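Heads up: the sequence shown begins at 536 in our numbering, then just goes up one per residue.
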Amino acid sequence: MNTNVGSLKLILEKLYEGRPLCSYAPGKRIPLFVDEVCIIYRGIIRTQTLQPGGEESILGLVGPMMPVARKLTLLNFYEVYALTHVDLLRLKWEEIENSEVLTRELNRSLIKRLHHTEVMLALLSKRQTSERLIGFMAFLAQEYGKNTSQGIRIEVQMTHQQIADAICTTRVTITRLLGVLRKASLIKIGHDRHIYVMDELASNYDLDFSKMV
């Protein structure tokens with residue numbers, strides 16, 4: 536586990552023991568309020584905006600122990616949806632401002648979230664869906680993976696549709712491309728239904744997909 540994630544989790548459990556978490560099913564919109572900040576406790580959310588032509592554009596993904604809030608964006612249209620099952624903690628900005636240690640740890644989480652946003656923007660700029668998928672699998676393995684004897688286990692379970700939504704493609708395309716990666720022995724699906732990523736893919740965002748077909 537990332538040390539910052541572990542530190543923030545311990546701080547939240549100490550300060551807000553007993554405060555209920557808010558849960559959202561995949562695909563559900565998560566309302567944001569001006570006086571609150573939401574800290575993702577479990578799961579992954581996607582942030583998105585609306586283009587002038589009416590098209591929705593994904594801005595990035597936000598994972599465990601990262602904040603999302605209305606005050607953290609300058610966009611007029613900014614929405615947040617649960618990509619997987621999500622549990623989050625809602626805090627008032629006053630609570631954060633009154634806690635030096637919480638402010639420090641959230642600043643670190645914001646830096647990590649910025650890094651994640653840069654990675655997702657770089658992935659979504661790739662024209663080939665296969666390249667986006669390879670990069671996304673590597674990203675998930677590096678950020679949400681756990682080393683096992685079978686490979687790197689992606690701790691967050693995602694359906695083919697959720698993966699498709701994350702990288703702007705269709706479920707049918709993802710199912711086909713994941714099949715190619717399985718045949719190339721770069722990923723496998725465990726009995727627990729989690730995706731296991733092999734080291735060759737996890738450490739390389741730029742594998743040549745054409746050689747696997």
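The C-beta atom is built at its ideal place from N, Cα and C for all residues, glycine as well.
Computed from a predicted model, the values in this text were never measured in an experiment.
Delimiting residues of the alpha helix (DSSP H) encompassing Thr497 = In the structure as shown, the chain begins at 536 and stops at 748. Residue 497 is therefore absent and cannot be evaluated.
Looking at the unbroken alpha helix (DSSP H) that takes in Asp700, where does it start and where does it end?
-> His695 to Ala701
Taking 9 Å as the cut-off, decide whether the C-beta atoms of Ala768 and Ala673 are in contact.
-> The displayed coordinates of the chain run from 536 to 748. Any statement about residue 768 would go beyond what the structure contains.
Kindly indicate the opening and closing residues of the beta strand (DSSP E) around Gln583.
-> Ile580 to Leu585
Can the beta-carbon of Tyr613 be found less than 9 Å from the beta-carbon of Lys563?
-> no
C-alpha gap between Leu721 and Tyr731, whole angstroms | 9 Å
Lys723, enclosing beta strand (DSSP E) - first and last residue | Residues Ile722 to Ile724.
Kindly list the residues whose CB is nearer than 8 Å to the CB of Arg667, restricted to its own chain and excluding five residues on each side of it in sequence; keep chain order.
-> Leu658, Leu659, Lys661, Ile702, Cys703 and Thr704
Which class does Val569 belong to by DSSP, given the choice of helix, strand or coil?
-> coil
Is Val621 closer than 9 Å to Ile574 when the C-beta atoms are compared?
-> no
Nonlocal neighbours in the same chain, by C-beta distance under 7 Å from Ile689, ignoring five residues either side | Leu675, Ala676, Tyr679, Gly680, His729, Ile730 and Val732
Alpha-carbon to alpha-carbon, Gly553 and Val597 | 24 Å
Run through DSSP, which three-state label would Ala560 get?
-> coil
Identify the residues that DSSP records as bridge partners of Val621: which are they?
-> Tyr559
Taking only the alpha-carbon atoms, compute the straight-line gap between Glu602 and Val572 and give it to the nearest angstrom.
-> Here residue 602 is Pro; the residue named in the question, Glu, does not match the sequence. Roughly 6 Å separates the two Cα atoms.
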